[in-house]
Structure formats: C-alpha cells, structure tokens
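When we follow the numbering used here, the leftmost residue of the sequence shown carries the number 2, and every step to the right adds one. A short worksheet on the structure shown next.
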Amino acid sequence: MVYPLRTWTLALVAVFAALYAAGSLLPGFPMIGAPDAKIDVMRAMEMSYGLILGPGFGPAAAFLGAIIGKGVAGGGSGLLFTPLAPVTAFAASCLGRKRVLGAPGWVLGILPLSIFLLGWFVTETGKTAAIAVVPHFVVLGVAFILRGRTAEWVNSEERGKLVAGVLAVSVVGTMTGHLLGGLLFIAFFDPGPLLFISILPVVILERSVLVAISTLVGMPLIAAVRRFYPSLKNL
Numbered sequence: 002m003v004y005p006l007r008t009w010t011l012a013l014v015a016v017f018a019a020l021y022a023a024g025s026l027l028p029g030f031p032m033i034g035a036p037d038a039k040i041d042v043m044r045a046m047e048m049s050y051g052l053i054l055g056p057g058f059g060p061a062a063a064f065l066g067a068i069i070g071k072g073v074a075g076g077g078s079g080l081l082f083t084p085l086a087p088v089t090a091f092a093a094s095c096l097g098r099k100r101v102l103g104a105p106g107w108v109l110g111i112l113p114l115s116i117f118l119l120g121w122f123v124t125e126t127g128k129t130a131a132i133a134v135v136p137h138f139v140v141l142g143v144a145f146i147l148r149g150r151t152a153e154w155v156n157s158e159e160r161g162k163l164v165a166g167v168l169a170v171s172v173v174g175t176m177t178g179h180l181l182g183g184l185l186f187i188a189f190f191d192p193g194p195l196l197f198i199s200i201l202p203v204v205i206l207e208r209s210v211l212v213a214i215s216t217l218v219g220m221p222l223i224a225a226v227r228r229f230y231p232s233l234k235n236l
C-alpha cells in the first residue's frame, strides 16, 4: 500500500496530533510506581487514530501528539512511555484493514502483542509475574480466532458490526499498548513482580474504561469521518 503525501493528509495529521496533545493535558489515571507519569484519557483515542488515518499516518499523529503533550506538560517520566501511542495506533489500523503492505491485516495487528508477550517472559520479573499477562493471552487468542472478521466488521455499513469491530480493535489495541508499557516500566524502574500481580484488578478496570471510551467515542467519529472523507479509507 502506498501512502500519498498530500498536503491535506499532512494537515490532517497535524490536526489530529494537536488534538492528542491538547487532550493529554486533561487529568488521567495515576501510573502506580512511576513518578510524574499518568495514563492519559487520550490513550482511548489511539485506536481511532489508527483506524481513521491508517498504519502510516495514524501512528505518526498519535506519536507526535504524545510527545508534544508530554513536553508541554513538563516532560518527566511520562515521555518514556510515548512509544505506546504509535504502537497502539498501528495495531489498531492493521486489525481494521484486510491487507497491509501485502500481508493480512490481522497478522500484523497481533504481531506487536505476540512479540511483547515473548519479551515479557525474557525478564525475570515477567516470569515471576506470569499471571499479570493472562488477560493479554486471552485477548491474543480471541483476536486469532476472529482473524479477518475484525476488518470486515470495521468496514461494514451495518452499525452493529461496526460497533463490534471497533470494540474488538480497541481491546487488542489497548492491551498491546499496556503490555509495552509494562516492559518499559520494567526496563526503566525495575519494579518487583508483586507490583504487577497486585494491581491486576486495577489494570482490568482501567483497560475496560479505556475500551468503553474508545468504542463510544470512536465509533461515531469513525463513521462521520468516513462519510465526509471517504478517501481516508485508502490511507
């Protein structure tokens, strides 16, 4: 797939990046154990960025917005977790497309989560806190079962299927970003495995909230953008 560098496309990336940066200034969830870091509510919109702008421009807009937002807010340890934005957007964008770069979209969509799960068990903390990634394995399994059906739902004109597609993409996307965040947390702060085990119920609740926001806000946004800007489906 070729991504045309048109002026309007770059302008749209800039607009979405600015919206992400502005949204990053809103109150978020505290990140337990990480000083000066929080989980932004805008994390719930990264999946929509990927679905709307595609696997190239979506991650770029999310990453740019995350960096600007954290920079304006004073930087701190939150900057360490900005890579979560493009990875989440990329996973979502691939899951929402039948093919990306000649490969099945769902394969590329679950690839980051698969790699991060392998990486989790490379660390001693991850091995000891294996129970902390049980939800991620469940999500990966469901995504594998659905395969290309997720993209069919996302691109369906039926409201029910679109909701189901955005919901499925949101679950995989947010869990992918969360696991990358966990790996970065281990790399930078070296917490004990007990931390990941003890906050598992909080993580499930937090991710559920982000998925709900992503679906409730993202679904009508995606439908509206596709209606008025149908050419974006080719990104």
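Idealized CB from N, CA, C, for every residue including glycine.
- In the three-state reduction of the DSSP assignment, I40 falls in the strand class, which pools E and B.
- Taking a cut-off of 8 Å on C-beta distances, the stretch 59-69 does not touch the stretch 100-117, as fewer than three cross pairs fall below it.
- Assignment of V101 by DSSP, reduced to helix, strand and coil, places it in the strand class.
- Assigned with DSSP and collapsed to three states, R160 falls in helix.
- Its Cα nearest to that of P192, the residue G127 stands out among Y50, G127, V204, I214.
- L181 sits close to F117, with the two beta carbons spaced by under 7 Å.
- With a cutoff of 7 Å on beta-carbon distance, V140 and V172 are scored as near each other.
- In this structure, the beta-carbon distance from S49 to G219 falls below 7 Å.
- For L201, same chain residues with a beta-carbon under 6 Å away, outside a window of 5 residues either side, are A133 in chain order.
- The same chain holds no residue with a CB closer than 6 Å to that of E158 once the five nearest residues on each side in sequence are set aside.
- In the DSSP annotation of this structure, the continuous segment of the alpha helix (DSSP H) that includes F58 starts and ends at 47-73.
- One Cα belongs to H137, the other to M176, and the distance between them is close to 6 Å.
- Between the alpha carbons of I53 and V226 lies a gap of roughly 7 Å.
- In this chain, the alpha helix (DSSP H) harbouring P202 covers 201-229.
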